[in-house]
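Each remark here refers to the structure printed beneath this line.
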Amino acid sequence: MKKVKGIVFLFFSLLIGISINAQDSNLTQKVGAYLEANGTMMQYSDAYGQLLILMEKQYPRSEANANGWLFLERNKPKALLEIKDLLVPIYIQNFTEAELNAMSDFYTSDAGKQLIADKSGLSEEQRITVQDFFYSEIGQKLNTKKAQLTQEIEAVSEYWSKDLYQTAVLLLKE
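For the sequence shown, the residue numbers in mature numbering (1 follows the signal peptide of the UniProt record, and there is no 0) are -22 to -1, 1 to 152.
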């Protein structure tokens, strides 16, 4: 009888663990989608492109550093996944799943997309939607947490960009 209870306990423990990991994975994906929708990942993509431009000025392409350039050009998707992996926990620690869903819903709406694409092109209806979002409880929480989020995001961004720069220099030095 003790053996059966032990097996049942082990089974339910594993089941709960799998369920928690699935929820964490789902939330991680939601935050990742939010970072895509709100323009954050585009900013990091642009930063990566700017790094390559800077590196090309400092270390022009040559036969000696061709492999380094090839690596850097192919590494962009991986580097963007790395910064996303660094940013996701910041949002998970500061917002509930419901808040993250609402934030994602806003930025995937027509008004949110237009806000990111070209704020000056917002229609009157979209302006009202944007105002409603930023005056909502979630918008106010975003505003309240802005300084803390900025500090945490700057720290991981600095780490990420320093690592990228150092890697680029090591790869491109002849």
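C-beta: ideal position from N, C-alpha, C; glycine also.
To the nearest whole angstrom, what separates the beta carbons of residue i and residue j, a pair I think is in contact under 8 angstroms?
i, j, result
"Ile61", "Trp138", "5 angstroms"
"Glu51", "Leu5", "Rounded, the Cβ-Cβ distance is 32 angstroms, inconsistent with contact."
Please return the same chain residues whose Cβ sits closer than 8 angstroms to the Cβ of residue i, not counting the five positions on each side in sequence.
i, result
"Leu100", "Ala89, Gln92, Leu93 and Val108"
"Ala(-1)", "For Ala(-1), the predicted structure reports a pLDDT of 40, less than 50, and the residue's modelled location is therefore unreliable. A value from the coordinates is still provided. Taken in chain order, the list of residues that qualify is empty."
"Gln104", "Asp88, Ala89, Gln92 and Leu93"
Span of the alpha helix (DSSP H) holding residue i?
i, result
"Lys35", "Thr18 to Gln36"
"Asp110", "Glu102 to Tyr113"
Got a sec? Which residues, its chain only, sit under 7 angstroms from residue i by beta carbon, not counting five neighbours each side?
i, result
"Lys8", "Leu78, Asn79 and Ser82"
"Tyr22", "Leu58 and Ile61"
"Met19", "Leu13, Leu58 and Lys62"
Looking only at C-alpha atoms, which of the options sits nearest to residue i?
i, options, result
"Pro67", "Leu127, Glu136 and Gly27", "Leu127"
"Ile131", "Tyr69, Ala15, Asp110 and Glu34", "Tyr69"
"Gly16", "Ala95, Ile106, Gln36 and Glu136", "The amino acid occupying residue 16 in the given sequence is Asn; Gly does not appear at that position. Checking every option, the nearest Cα to that of Asn16 belongs to Ala95."
Given residue i, which residues of its chain have a CB within under 6 angstroms of its CB, disregarding the five upstream and five downstream residues?
i, result
"Phe(-14)", "Bear in mind that a pLDDT of 44 at Phe(-14), under 50, signals an unreliable position, so the number given afterwards is only what the model happens to contain. Closer than 6 angstroms at the Cβ level, and outside the excluded window around Phe(-14), lies no residue."
"Gln144", "none"
**OP:** Report yes or no: do three or more beta-carbon pairs, one from the stretch 44 to 61 and one from the stretch 140 to 150, lie closer than 8 angstroms?
**Re:** yes
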